[in-house]
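Colleague: To start, I am sharing the structure in question, which I have written as structure tokens.
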Amino acid sequence: MVGYDPKADVRNNSKLEVAVAGSVSGFVTRALISPLDVIKIRFQFLSFEQLTELVHKAHKLSAHEYSIHFLCGGLSACAATLTVHPVDVLRTRFAAQGEPKVYKTLRDAVSTMYRTEGPLVFYKGLAPTMIAIFPYAGLQFSCYRSLKHAYNWVFPADQNQTGTIKSLICGCGAGVISKTFTYPLDLFKKRLQVGGFEHARSSFGQVRTYKGLLDCTKQVMQHEGMRGFFKGLSPSLLKAALSTGFMFFWYEFFCNLLYCIRREDS
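For the sequence shown, counting from 1, position 170 maps to 170 in full-length UniProt numbering; every step adds exactly one.
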């Protein structure tokens, strides 16, 4: 269901249905996990479906190959990330500020950041984000495909089910695997995004300043050791498991629902 399937043209959902399913799954998932990522998921599912179809038609490769899912998943996530990165920076700034609050409203945050730090402030941390998001999303889609294959091998009686516990379990597993492998880059991204914002975090104790990605990596290694690369991993894994699991669950569910509605209407 996830990705273009050239062997099931009758069963394939239209591009409109894919967009609707991706949007609804994004809204439902992020309403439960993180509402600000709705737009990102909408772009990512729609672009993923189009990329897998494009690769298949251009090179006649199997659109279900794990490598194709990894490549197309990574590229679709990069496109979505470029679109919503400024929102991610704002979210990080709001979460990172101490007391008294530096930004009182979203409008105040945008105007203050633009005035004091320039327009590029909204793309701080973009380099580690793009480096991390490609393998993260690629692993999400390819691991999801692999885990579904393994699930069907262990439970052959359930292999025709969609939008059920299989999607949820495989999605949770894919989220945990992808987040674990790419977590250090996610940590670097957040630390770089609060750069130039140290005065608002003074109440938290020692606050470090980083010149860039390499300097951030070096300082974390020097002052915090290897364990510093995985600070806060546990709650991130829980969020990744839930968000990825529900994302694939609701996507499969709504794609299947839209297909059933279309079939009944015809």
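Even for Gly, the Cβ is constructed at its ideal location relative to N, Cα and C.
1) Spell out a yes or no on whether the segment 82-96 and the segment 136-148 are touching, meaning 3 or more CB-CB pairs, one atom from each, closer than 8 Å.
2) Looking at C-alpha atoms only, which residue of Val154, Tyr183 and Leu139 is the closest neighbour of Gly171?
3) According to DSSP, simplified to helix, strand and coil, what is Thr209?
4) Quick one: using the 10 Å Cβ neighbour count with 16 as the cut-off for buried, is Trp250 buried or exposed?
5) Taking all protein chains shown into account, do 16 or more other C-beta atoms lie within 10 angstroms of the C-beta of Leu54, making it buried, or fewer, making it exposed?
6) So which of Leu187, Glu264 and Tyr259 has the shortest CA-CA distance to Ser234?
7) Answer with buried or exposed for Asp88, where buried requires no fewer than 16 other C-beta atoms within 10 angstroms of its C-beta.
8) Please classify Val154 as buried or exposed, where buried requires at least 16 other C-beta atoms within 10 Å of its C-beta.
9) If we call anything under 8 Å between Cβ atoms a contact, is Thr112 one with Tyr103?
10) So Ala137 and Ser76 are in contact, right, with Cβ under 8 Å, and what is the actual spacing, rounded?
11) Taking 8 Å as the threshold (C-beta atoms), are Leu185 and Ala132 in contact?
12) Give the secondary structure of Tyr123 by DSSP, where H, G and I count as helix, E and B as strand, and everything else as coil.
13) For Val176, which option in Glu264, Asn256 and Ser243 has the closest C-alpha, if you only look at C-alpha atoms?
14) Straight-line CA distance for Asn152 to Lys166?
15) Tell me the residue span of the alpha helix (DSSP H) that contains Val110.
Modeller: For this structure:
1) no
2) Leu139
3) coil
4) buried
5) exposed
6) Leu187
7) buried
8) exposed
9) yes
10) 7 Å
11) yes
12) helix
13) Ser243
14) 9 Å
15) Leu106 to Glu117
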